[in-house]
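Asker: Handing you this structure, nothing more for now.
Residue numbers (my numbering), protein chains in the order written: chain A, 484 to 774; chain B, 268 to 560.
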């Protein structure tokens with residue numbers, strides 16, 4: 484059965500997600516079940532029970548790597564048992580967008596993190612977009628990570644109503660602003676585009692002018708969607724004093740795939756002190772020779 | 268010496284106070300929900316205030332390495348206000364379950380009206396349901412009678428005395444509370460309720476068992492450093508260090524640990540301060556470099 488419910492929630496996929504979350508809740512699934520029953524019997528219990536989930540289920544992170552749960556893929560070790568319990572409860576009681584917003588708006592820092600982590604398991608909808616807007620505005624690293632990192636929620640949300648490329652670019656720029664690694668936002672690199680490259684390069688220039696560090700993944704992303712100045716920044720990155728920047732620049736050049744830049748890589752290769760970066764440069768030189 | 272300041276209204280204090288508290292050894296503060304100096308006219312303003320206690324204020328304290336806790340309640344003054352009293356009681360349950368909420372308070376009596384008594388009783392029931400201790404505000408006028416009435420209401424409700432902190436005490440009220448099994452609180456104010464020298468005399472006479480001191484600093488003439496000042500006076504009076512530590516650190520922790528949401532090990536490190544972060548877009552910085560502030 485697939486029935487519209489609460490504006491955005493579909494029952495059949497929801498039921499599958501609940502079952503999968505129950506597996507990860509393991510011995511605590513019964514506790515979640517009893518809390519869910521309490522909420523279904525009396526809706527006003529949701530905001531009363533929600534704050535106590537970390538105390539009841541624990542704040543310890545789960546163990547395990549990348550898994551598919553319901554609509555998304557997540558890095559399980561980044562989620563705590565209370566996050567999974569929160570998602571289980573919200574799904575099982577068919578929480579509306581208004582209820583999600585209420586829990587977030589009147590939640591403490593911990594509750595807000597749970598609501599945002601739960602988004603990874605709920606169907607993407609207007610609540611996702613609204614809360615993405617909030618985490619972009621707040622600058623609270625914990626909350627930004629909860630919504631954006633360690634899952635493919637960002638990638639699944641791009642293109643949904645209210646979350647076009649411009650909105651997506653702003654969030655990735657925020658990722659750079661907070662200096663969080665790109666790889667934690669699964670599949671984000673698939674949404675590289677020239678406008679994002681321009682924004683990242685402008686931020687890099689601004690940071691350099693202020694004598695501050697630049698987000699290393701800048702060099703990685705701009706190579707995938709070049710704009711004015713990209714090639715020069717990537718070539719310059721090969722001479723950077725930071726190993727991470729040189730590695731990212733080599734990757735960026737690999738993605739850029741411009742044969743005319745091969746001499747710069749070839750010239751750098753024998754001078755590169757790091758073996759792993761030398762290997763990258765070797766691949767780059769070879770690739771551009773074949774191009 | 269580490270200090271747990273168990274009654275201070277940081278909502279009404281400036282950011283410099285947090286820095287001074289931190290420098291004076293205050294590792295944690297507890298902020299009871301209270302009256303803001305004038306009555307509120309709708310429940311929405313209480314919602315905003317309670318959200319601030321678990322949100323912005325909690326965040327602001329952290330920026331100075333200070334752990335911030337609170338107690339939630341409809342205060343005695345506004346318990347008399349029919350525009351808000353019932354509605355505030357209705358919204359309290361969700362706030363009683365917040366992680367940083369360690370009790371119900373300030374409840375109690377102020378003008379000592381029947382309505383205040385009714386809402387004190389109702390909130391004792393709330394504390395029972397949420398298994399929380401209570402912080403009781405006692406009247407500043409006709410204090411001894413107010414203390415006696417508060418004690419009677421607690422007894423009538425069957426609420427366990429060991430989970431009750433009767434605050435704003437003095438030389439007279441300690442005689443009432445010392446053998447009850449409850450906790451006796453003393454607010455050290457500049458020249459009014461209690462001062463450091465008088466507090467030293469009380470400690471020398473009664474010891475520190477089940478005793479708690481606080482500044483109750485708020486928007487009025489008050490001093491957030493009254494607990495550190497009292498520590499200095501106690502040291503000068505040669506009160507053993509272990510007793511002073513019990514009074515300003517172990518006792519408040521022991522009382523609020525009855526919530527099941529606090530233990531000493533949580534406070535061994537300063538709160539996580541990250542000046543790069545903002546809360547709902549707001550920061551304690553005013554253009555300063557977060558790495559150098």
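Beta carbons: idealized from backbone N, C-alpha and C, even for Gly. Values in this document were obtained by computation on a predicted structure and should not be read as measured data.
At 4 residues or longer, what runs of the alpha helix (DSSP H) sit wholly inside the stretch 319–390 of chain B?
Answerer: Taking only runs of at least 4 residues, the alpha helix (DSSP H) segments lying wholly in the stretch 319–390 of chain B are 323–329, 343–346, 352–363.
Asker: How close, in whole Å, do the beta carbons of residue 429 of chain B and residue 404 of chain B come, if the pair is a contact with beta carbons under 8 Å?
Answerer: That belief does not hold up - the Cβ atoms of residue 429 of chain B and residue 404 of chain B are roughly 19 Å apart, past 8 Å.
Asker: Tell me which residues of the stretch 610–643 of chain A have at least one Cβ-Cβ distance to chain B shorter than 7 Å, keeping chain order.
Answerer: From the stretch 610–643 of chain A, only 620, 621, 622, 623, 624 have a Cβ closer than 7 Å to chain B.
Asker: Check whether the Cβ atoms of residue 706 of chain A and residue 735 of chain A sit closer than 9 Å, and answer yes or no.
Answerer: A Cβ-Cβ contact shorter than 9 Å links residue 706 of chain A with residue 735 of chain A.
Asker: Do we get a CB-CB distance below 9 Å when we pair residue 528 of chain B with the residues of chain A?
Answerer: Residue 528 of chain B counts as touching chain A.
Asker: For residue 595 of chain A, collect the residues of the same chain with a Cβ closer than 7 Å to its Cβ; drop the 5 residues on either side in sequence, then sort them by chain order.
Answerer: 587, 626
Asker: For residue 478 of chain B, name the three-state secondary structure that DSSP assigns.
Answerer: strand
Asker: Determine the chain A residues that contact residue 233 of chain B at a beta-carbon separation under 8 Å, and present them in chain order.
Answerer: Nothing can be reported for residue 233 of chain B, as the shown portion of chain B is limited to 268 through 560.
Asker: Counting only Cβ pairs nearer than 8 Å, list the residues of chain A close to residue 325 of chain B.
Answerer: 591, 592
Asker: Under the assumption that residue 668 of chain A contacts residue 631 of chain A (Cβ atoms under 8 Å), give the Cβ distance between them as a whole number of angstroms.
Answerer: 5 Å
Asker: Using the C-alpha atoms, what's the distance from residue 721 of chain A back to residue 698 of chain A?
Answerer: 15 Å
Asker: Considering only residues of the same chain and omitting the five flanking positions on each side of residue 415 of chain B, which have a CB-CB separation below 8 Å?
Answerer: 443
Asker: So what does DSSP say about residue 405 of chain B, is it helix, strand or coil?
Answerer: coil
Asker: Is it a yes or a no for the stretch 591–607 of chain A touching the stretch 512–526 of chain A, going by three-plus beta-carbon pairs under 8 Å?
Answerer: no
Asker: Taking Cβ positions only, does residue 287 of chain B come closer than 9 Å to chain A?
Answerer: no
Asker: Is the stretch 417–424 of chain B close to the stretch 467–476 of chain B, with three or more CB pairs under 8 Å?
Answerer: no
Asker: According to DSSP, is residue 500 of chain A helix, strand or coil?
Answerer: helix
Asker: On the DSSP letters alone, give me the boundaries of the beta strand (DSSP E) that residue 450 of chain B sits inside.
Answerer: 450–454
Asker: Buried or exposed for residue 510 of chain A, please, with buried defined as at least 16 other CB atoms from any protein chain shown within 10 angstroms of its CB.
Answerer: exposed
Asker: Locate the alpha helix (DSSP H) running through residue 687 of chain A, then write down its first and last residues.
Answerer: 677–692
Asker: Along the stretch 535–565 of chain A, what residues have a CB closer than 9 Å to any CB found in chain B?
Answerer: Listed by position along the chain: 535, 537, 538.
Asker: Could you please give the first and the last residue of the uninterrupted alpha helix (DSSP H) stretch that includes residue 738 of chain A?
Answerer: 726–739
Asker: Would you mind working out which of A:549, A:504, A:641, A:567 sits nearest residue 666 of chain A, comparing C-alpha positions?
Answerer: Restricting attention to A:549, A:504, A:641, A:567, the CA atom closest to the CA of residue 666 of chain A is found in A:549.
Asker: Spatial neighbours of residue 531 of chain B within its chain, please: CB distance less than 6 Å, with the 5 preceding and 5 following residues excluded, ordered by chain position.
Answerer: 520
Asker: State the Cα-Cα distance for the pair residue 392 of chain B and residue 541 of chain A, rounded to the nearest angstrom.
Answerer: 27 Å
Asker: Helix, strand or coil for residue 649 of chain A, going by three-state DSSP, please let me know.
Answerer: helix
Asker: In this structure, does DSSP put residue 772 of chain A in helix, strand or coil?
Answerer: helix
Asker: Spatial neighbours of residue 339 of chain B within its chain, please: CB distance less than 7 Å, with the 5 preceding and 5 following residues excluded, ordered by chain position.
Answerer: 300, 317, 359, 362, 363, 368, 371
Asker: Using a Cβ-Cβ distance under 9 Å, would residue 530 of chain A count as near chain B?
Answerer: yes
Asker: Is residue 281 of chain B helix, strand or coil by DSSP?
Answerer: coil
Asker: Can you tell me which residues form a DSSP beta bridge with residue 551 of chain A?
Answerer: A:556
Asker: Among the candidates A:655, A:564, A:745, whose CA atom is the shortest distance from the CA of residue 504 of chain A?
Answerer: A:564
Asker: Where do the ends of the alpha helix (DSSP H) carrying residue 420 of chain B lie?
Answerer: 410–424
Asker: What are the start and end residues of the alpha helix (DSSP H) that includes residue 471 of chain B?
Answerer: 463–473 is the span of the alpha helix (DSSP H), which, as asked, contains residue 471 of chain B.
Asker: Got a sec? Which residues, its chain only, sit under 7 Å from residue 522 of chain B by beta carbon, not counting five neighbours each side?
Answerer: 400, 432, 450, 479
Asker: Can you grab the Cα-Cα spacing for the pair residue 555 of chain A / residue 314 of chain B, in whole Å?
Answerer: Rounded to whole angstroms, residue 555 of chain A to residue 314 of chain B spans 35 Å at the Cα level.
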